[in-house]
DNA sequence: TAAATTAGAGTTACCGATAACTCAAAAGAG
DNA sequence: CTCTTTTGAGTTATCGGTAACTCTAATTTA
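Written out as structure tokens, the structure reads:
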């Protein structure tokens, strides 16, 4: 592998002069500069960023950790983050925890040993606390994305989960539904708690009793097992509508319903949080509370970089992004 | 930041002994080992992988470059690659070129300066040639994914594009269609050429004349502009079916058709290459040639790592993965 | 019991880059 | 024409690790 010493030898200068040419620092005559440049070209020289990071104590690499690379919410967010990182001169290391604390921990160890300059962190849940503490211990700046973690003081870009959930449920209430099931996420995840709270709030505001039997807590990725669905639908007064706490849970339930011959929205209405990306273009079906995923990435990245470069830590800042209710055909008026 | 020297000082040993404890090499007494381990824990020590890479000339990082992070084919592939990398002890740096040569070049420069041990490379197209040459110059092992690049000798994991295309078109022919349009990808991309060839082959085998007016070459990400669609549909004998060279082109065309009041499959049948991930679960609509995306990632990564670790370069190997014809409701029998 | 091993460390040099310092020659000032 | 300043470099030390070598004390062997 070619090093500055090879370049220096061929160009008959010192390594330091080569370094100056690379970084446009210090004084180098035009003649020398041209010669060094030419040798670098000829030998296809590429600087070793490991060596550089070692002495500069800066890698120019940021890390983005998401929880599900197959979910369009996160891939769209990733694109926003990536575009912004590139625009501001950083490289991006993308990690995917699959909603799994063990994988997340591995990524945090990797992040620490790579000495990245900062992390955009979509935590798997409250159990991410110790991982974030590790980052704090090592003074790695980070910004929380999408989910909050109790006990962690940090900049955050989060969605309006409670309000979004309330609007979705109110939409169902307006359509006449009273038995509305909540297929929530794990109570370990802040957005799941907020969406649960929004659900209760909507019911309360409309004088509908909260019924525990209609509430299930699932995993954002895996959804629901068949026996739980049997139990939910087998009740004396089964639900006429379902609010799914995210897009994948909604997909799972729709699939399960179909499997037992139930149609959406004819037999049950289904609404959920997060849109489906291009799938909604093909088939504008699901009524959703859509979040500005790309903006999550852009704003998070901007915030992270400003944290790194300006150290403007006059207290962590929280940015709350609104969600938009998009009514499509998966929800319909309850026939009396 | 804590270094082995800090650990060494506190544990009252030399830095080398700390290094031996970290790597489980050389001779260290149990007593010393325990003491060093304890100090590492207490000080939350994490090794600096930049320093380590510098001396070892190995980073244990591999890079995966995909062309569209929002396309489920690539995110599924990414997951396969990631799972495999982790299983075999490597970390993964994910890059997204957005089908853009300039972005791809930036990533290649980053890859070179990071001194990754190898690259899983889904090229944007034939123009990726010079980027791959750069990798060759620097002796970075790589495996081509999904697309071939003429002039590059390398290991490849590619799909059965021609055969898959032929089967899709034959499916349309069997349904009675004779005027079948091809919305192909850029001729700059090997899979687009192969799918084009498969299209021609199917027509020829069935004695249907190839008509240039039915063939358009588009971009895999952007699809089709409205005036081109006008032109396509405004012909004397307009097509009754469309074969789209990938999923995003299909989505675009279906959307455009709807925008002018045409329904699929009632007015036109549409089939395409690549499935839509979970979107097909929600709405099993598009007739597709589905590729084993996850397997692309797994096999590519396994091949890459074996290339790195065993240097088993008895000539580059090509693995060809089959595609599966899945008939759904976007294609139907032509009414006479 | 003396010689030969071996265990358990420490020392030194190096990976590839850059910061900080040095220094001679050229240019500018008085 | 001498003295000062500026220009255009080179030298040395360092970042945080590890390989290769060295060295001493303990253990084993004959």
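Residue numbers (the numbering used here), protein chains in the order written: chain A, 7 to 342; chain B, 7 to 342. Think of the CB as a built atom: it goes at the ideal place given N, C-alpha and C, for glycine as much as any other residue. Given the structure is predicted, the values throughout are model-derived calculations rather than measurements.
Assign residue i to one of three DSSP states: helix, strand, or coil.
i	result
residue 68 of chain B	strand
residue 56 of chain B	helix
residue 276 of chain B	strand
residue 162 of chain B	strand
residue 221 of chain B	strand
residue 118 of chain A	helix
residue 31 of chain A	coil
residue 97 of chain A	strand
residue 269 of chain B	coil
residue 213 of chain B	coil
residue 341 of chain A	coil
residue 336 of chain B	coil
residue 205 of chain A	helix
residue 51 of chain B	coil
With DSSP as the reference, please indicate the residues paired to residue i in a beta bridge.
i	result
residue 127 of chain B	B/71, B/150
residue 102 of chain B	B/72
residue 191 of chain B	Answer is none; residue 191 of chain B lacks a bridge partner.
residue 293 of chain B	B/277
residue 186 of chain B	B/247
What are the boundary residues of the alpha helix (DSSP H) that residue i is part of?
i	result
residue 9 of chain A	Premise fails: residue 9 of chain A is in no alpha helix (DSSP H) and is neither H nor E.
residue 155 of chain A	Unbroken run through residue 155 of chain A: none, as it is neither H nor E.
residue 283 of chain B	First-last for residue 283 of chain B: undefined, no H or E at that position.
residue 18 of chain A	Unbroken run through residue 18 of chain A: none, as it is neither H nor E.
residue 170 of chain A	167-180
residue 136 of chain B	135-143
residue 37 of chain B	36-48
residue 300 of chain B	299-316
In the DSSP assignment, find the beta strand (DSSP E) that holds residue i and state where it starts and stops.
i	result
residue 330 of chain B	330-332
residue 195 of chain B	Looking at the DSSP string, residue 195 of chain B is not in any beta strand (DSSP E), and its letter there is neither H nor E.
residue 83 of chain A	Where residue 83 of chain A is concerned, there is no enclosing beta strand (DSSP E), although the alpha helix (DSSP H) it sits in stretches over 78-93.
residue 327 of chain A	324-327
So which of the options has the shortest CA-CA distance to residue i?
i	options	result
residue 147 of chain B	B/107, B/7, B/314, B/166	B/314
residue 172 of chain A	A/197, A/201, A/63, A/98	A/201
residue 223 of chain B	B/208, B/33, B/252	B/252
residue 27 of chain B	B/125, B/42, B/80	B/42
residue 67 of chain A	A/316, A/311, A/188	A/311
residue 180 of chain A	A/11, A/235, A/338	A/338
residue 295 of chain B	B/258, B/52, B/204, B/268	B/204
residue 174 of chain B	B/8, B/10, B/334	B/334
residue 57 of chain A	A/321, A/262, A/109, A/121	A/121
residue 135 of chain A	A/90, A/35, A/108	A/108
residue 273 of chain A	A/194, A/191, A/332, A/260	A/260
residue 140 of chain A	B/20, B/206, B/51	B/51
residue 231 of chain B	B/242, B/103, B/262	B/262
residue 96 of chain B	B/177, B/124, B/75	B/124
residue 197 of chain A	A/329, A/340, A/36, A/8	A/329
residue 240 of chain B	B/227, B/322, B/219, B/228	B/219
residue 225 of chain B	B/20, B/104, B/114	B/104
residue 188 of chain B	B/209, B/250, B/159, B/32	B/250
residue 242 of chain B	B/327, B/185, B/16, B/160	B/185
For the region 224-264 of chain A, list the alpha helix (DSSP H) runs that are entirely contained and at least 4 residues long, ordered along the chain. 232-239
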